[in-house]
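Colleague: Sequential numbering from 2 applies to the sequence shown in our numbering.
From the three backbone atoms N, C-alpha and C, an ideal C-beta is built for every residue, glycine too.
Values in this document were obtained by computation on a predicted structure and should not be read as measured data.
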Amino acid sequence: FPPSLLVVMRAAEDLAARLTDALNDAISCRAAAPFDHMACYLKEHKDQSPSTPLAVQNGVELLPEIRAYLADHTIKDVLGAIASALMRMPALPSDPVAFVADKLSQKKLLPLVHAPGFWQKEAGAPLLGRNAGFLTRDDGVPEAWRQRVAGWPALCGSVDGAELVGECDEAALRIFAKDADRTFVDSAHKKAYIDLLKRLWPENHDYNQGLGYTCSLLMLLFDEETVVKMLRQFTRSKKYTPGYWRAAPDAYVRDAKVYGRLLQEREPEVAALLSQCVVPESYVSKWFNGLCLHVLPYKALFGFMECFIEEGYLFLFKFSLSLIRRIKPALLSCQPHEVNLIYEHLRLDLKHYPDDLEGGDFFVEMVNEAKVVELDAAHVDTLREEEAATLAEYQRKVKEREAEYSDDEIIFSDEEDD
Numbered sequence: 002f003p004p005s006l007l008v009v010m011r012a013a014e015d016l017a018a019r020l021t022d023a024l025n026d027a028i029s030c031r032a033a034a035p036f037d038h039m040a041c042y043l044k045e046h047k048d049q050s051p052s053t054p055l056a057v058q059n060g061v062e063l064l065p066e067i068r069a070y071l072a073d074h075t076i077k078d079v080l081g082a083i084a085s086a087l088m089r090m091p092a093l094p095s096d097p098v099a100f101v102a103d104k105l106s107q108k109k110l111l112p113l114v115h116a117p118g119f120w121q122k123e124a125g126a127p128l129l130g131r132n133a134g135f136l137t138r139d140d141g142v143p144e145a146w147r148q149r150v151a152g153w154p155a156l157c158g159s160v161d162g163a164e165l166v167g168e169c170d171e172a173a174l175r176i177f178a179k180d181a182d183r184t185f186v187d188s189a190h191k192k193a194y195i196d197l198l199k200r201l202w203p204e205n206h207d208y209n210q211g212l213g214y215t216c217s218l219l220m221l222l223f224d225e226e227t228v229v230k231m232l233r234q235f236t237r238s239k240k241y242t243p244g245y246w247r248a249a250p251d252a253y254v255r256d257a258k259v260y261g262r263l264l265q266e267r268e269p270e271v272a273a274l275l276s277q278c279v280v281p282e283s284y285v286s287k288w289f290n291g292l293c294l295h296v297l298p299y300k301a302l303f304g305f306m307e308c309f310i311e312e313g314y315l316f317l318f319k320f321s322l323s324l325i326r327r328i329k330p331a332l333l334s335c336q337p338h339e340v341n342l343i344y345e346h347l348r349l350d351l352k353h354y355p356d357d358l359e360g361g362d363f364f365v366e367m368v369n370e371a372k373v374v375e376l377d378a379a380h381v382d383t384l385r386e387e388e389a390a391t392l393a394e395y396q397r398k399v400k401e402r403e404a405e406y407s408d409d410e411i412i413f414s415d416e417e418d419d
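The structure is reproduced here in structure tokens:
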């Protein structure tokens, strides 16, 4: 063999032995993130000689649990892809171990639609409750939507200011864990979800389940950094919904009341019915805070999200009016005392609005009709200012009354002067 080829062969043998050691170490501890584990192992042991490969023995099979571990994380496919990338290179990298370690560390969990074993692990997960076959194991995002979805981060815009850092409290962590259980099945996906919420905690030092909803949807589609940037933009930019994702979200309450006034203007019959039994704050959250996850089938949800990213908060009002117009006959057939039935219609419950209603076009057309709803932004902004002032005045009076009650001295009968 030419000397140059012998060098390459020896380097390949050395790399294969090191990868075998790294893989065996990951298997031995069943690492939850095997590629990160292997990358760290390669870097930490780069100055040590690798183990001598064992001779291949015919008829020897891997234990079932090891085969399952390798399959769940598609380790064979990933290592094969890295080997193919090396073979396609005109020359071996100067530091092949560092090259492979970097490739392994890039194999992050997100986006979930392409994560190893995602579709097996998350079968029946609440997050996919209204997927209805839109996202698939083989294709991930439908081809017609891939380029559009890839453009969402740019459409969202850049985030002003640096990422905030800080520790969230124990109460928040408990809530994150409960919401993770309500969203995912797999423990690794739950952990990734919780880790993202921990990163976003410093933005508000507070939490609302709407953030969890939106975070989980974006986790399906984007890498971790993109998810964080988009959620920070939704949280910070006036174009979107700053203040919504708090336990006591004044901004949301203000906008729910604005929707109520728009409903009185546009759909007075529906407004008259709803005013007798429900308040907007009690049902608009599914549309505004949760951005319609669990309300719309994914076939329509993606159109809703794209319009929200493009238009911002104004689209939420346009969509709410479109939704009411679509379900108006069903609502007006209800009596004011049928509160549960009214809520079922308002949240587009599967009982009345299955994902395949009109072939799924019922929901898609609802979003399309929302796009052309004529709504003056200046008028909406005026209503927002008025409702914000009304809410602030109400809160001021509540605080005054609370202060009066706390200042009252309770005098018991045996303390009174004779």
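DSSP three-state call for Ile411: helix, strand or coil?
Modeller: Translated into the one-based positions of the sequence shown, residue 411 becomes position 410. With a pLDDT of only 49 at Ile411, under 50, the local geometry of the prediction cannot be trusted, and no value is derived from it.
Colleague: From the DSSP output, which residues share a beta bridge with Thr137?
Modeller: Here residue 137 refers to the residue found at position 136 when the sequence shown is read from its first residue. Gly141.
Colleague: When you compare only the Cα positions, how much space is there between Ala84 and Pro65?
Modeller: Your numbering for residue 84 matches position 83 in the sequence shown. Your numbering for residue 65 matches position 64 in the sequence shown. Computed Cα separation, rounded: 25 Å.
Colleague: Hey, Pro54 and Ala23: beta-carbon distance below 9 Å or not?
Modeller: Counted from its first residue, the sequence shown places residue 54 at position 53. Counted from its first residue, the sequence shown places residue 23 at position 22. Cβ distance not < 9 Å, so Pro54 and Ala23 don't count as in contact.
Colleague: To the nearest angstrom, how far is the alpha carbon of Cys30 from that of Leu110?
Modeller: Residue numbering aside, residue 30 sits at position 29 when the sequence shown is read from its first letter. Residue numbering aside, residue 110 sits at position 109 when the sequence shown is read from its first letter. So the two alpha carbons sit approximately 19 Å from each other.
Colleague: Look at the alpha carbon of Glu366 and the alpha carbon of Ser159, and state the distance between them as a whole number of angstroms.
Modeller: Taking the sequence shown and counting its residues from 1, the one referred to as residue 366 is at position 365. Taking the sequence shown and counting its residues from 1, the one referred to as residue 159 is at position 158. Each residue's alpha carbon lies about 31 Å from the other.
Colleague: Give the C-beta separation of Arg131 and Tyr299 to the nearest angstrom, bearing in mind that I take them to be a contact with Cβ-Cβ under 8 Å.
Modeller: Here residue 131 refers to the residue found at position 130 when the sequence shown is read from its first residue. Here residue 299 refers to the residue found at position 298 when the sequence shown is read from its first residue. Yes, they are in contact, since the Cβ atoms of Arg131 and Tyr299 sit about 6 Å apart, within 8 Å.
Colleague: Output the distance between the C-alpha atoms of Thr383 and Ala252, rounded to the nearest integer angstrom.
Modeller: Against the sequence shown, residue 383 aligns to sequence position 382. Against the sequence shown, residue 252 aligns to sequence position 251. The straight-line gap from Cα to Cα measures roughly 14 Å.
Colleague: In whole angstroms, what is the alpha-carbon distance linking Thr21 and Cys169?
Modeller: By 1-based counting over the sequence shown, the position of residue 21 is 20. By 1-based counting over the sequence shown, the position of residue 169 is 168. Those two C-alpha atoms are separated by around 39 Å.
Colleague: Let's see if you can read the secondary structure: which residues bound the alpha helix (DSSP H) around Pro269?
Modeller: Numbered from its first residue, the sequence shown carries residue 269 at position 268. That run of the alpha helix (DSSP H) goes Pro269 to Ser276.
Colleague: Which stretch, first to last residue, makes up the alpha helix (DSSP H) that contains Ala153?
Modeller: Taking the first residue of the sequence shown as position 1, residue 153 is located at position 152. Per the sequence shown, the amino acid found at residue 153 is Trp instead of Ala. Its alpha helix (DSSP H) spans residues Trp153 to Cys157.
Colleague: Which residue marks the beginning of the alpha helix (DSSP H) containing Asp362, and which one marks its end?
Modeller: Counting from 1 along the sequence shown, the entry for residue 362 is found at position 361. Start and end: Asp362 to Lys372.
Colleague: Under a Cβ-count criterion, where at least 16 other Cβ atoms within 10 Å of its own Cβ denotes burial, should Ser95 be classed as buried or exposed?
Modeller: Here residue 95 is taken as the residue at index 94 of the sequence shown, counted from 1. The residue is exposed, with fewer than 16 neighbouring Cβ atoms inside 10 Å.
Colleague: Spell out a yes or no on whether the segment 195 to 215 and the segment 282 to 294 are touching, meaning 3 or more CB-CB pairs, one atom from each, closer than 8 Å.
Modeller: In short, these stretches touch, since the Cβ pair count reaches three.
Colleague: So, is Val280 buried or exposed, given that buried needs 16 or more other C-beta atoms within 10 angstroms?
Modeller: Taking the first residue of the sequence shown as position 1, residue 280 is located at position 279. So Val280 ends up on the exposed side.
Colleague: Excluding the 5 residues preceding and the 5 following Asp241 in the sequence, name in chain order all residues of the same chain whose CB lies nearer than 7 Å to its CB.
Modeller: Against the sequence shown, residue 241 aligns to sequence position 240. Before going on, a small fix: residue 241 reads as Tyr here, not Asp. The answer, listed in chain order, is Gln234, Phe235, Gly313 and Tyr314.
Colleague: Taking the C-alpha atoms as reference points, what is the distance between His338 and Cys278?
Modeller: On the sequence shown, residue 338 is found 337 positions in, with the first residue counted as 1. On the sequence shown, residue 278 is found 277 positions in, with the first residue counted as 1. Taking the straight line from one Cα to the other gives about 7 Å.
Colleague: Can the beta-carbon of Val271 be found less than 9 Å from the beta-carbon of Leu332?
Modeller: Within the sequence shown, numbered from 1, the residue matching residue 271 stands at position 270. Within the sequence shown, numbered from 1, the residue matching residue 332 stands at position 331. Taking 9 Å as the Cβ cut-off, Val271 and Leu332 qualify as a contacting pair.
Colleague: Hey, quick one: how far does the alpha helix (DSSP H) through Gln210 stretch, first residue to last?
Modeller: Along the sequence shown, one-based indexing puts residue 210 at 209. Gln210 -> alpha helix (DSSP H) spans Gln210 to Leu222.
Colleague: In the segment 309 to 343, which residue ranges form an unbroken alpha helix (DSSP H) of at least 4 residues, counting only runs that do not cross its ends?
Modeller: With a minimum length of 4 residues, the continuous alpha helix (DSSP H) runs that stay inside the segment 309 to 343 are 314 to 333.
Colleague: Which ranges would you report for the alpha helix (DSSP H) in the segment 9 to 86 if only whole runs of at least 4 residues count?
Modeller: Runs found: 35 to 45 and 65 to 73.
Colleague: With three or more C-beta pairs closer than 8 Å as the rule, is the segment 301 to 310 touching the segment 243 to 251?
Modeller: Segments in contact, no.
Colleague: With distances taken Cα to Cα, identify the nearest neighbour of Glu268 among Tyr208, Leu302, Lys47 and Arg327.
Modeller: On the sequence shown, residue 268 is found 267 positions in, with the first residue counted as 1. Comparing Cα positions, the closest option is Arg327.
Colleague: Quick one: give me the first and last residue of the alpha helix (DSSP H) that Met231 is part of.
Modeller: For the purposes of this step, residue 231 is identified with residue 230 of the sequence shown, where counting begins at 1. Residues Glu225 to Arg237.
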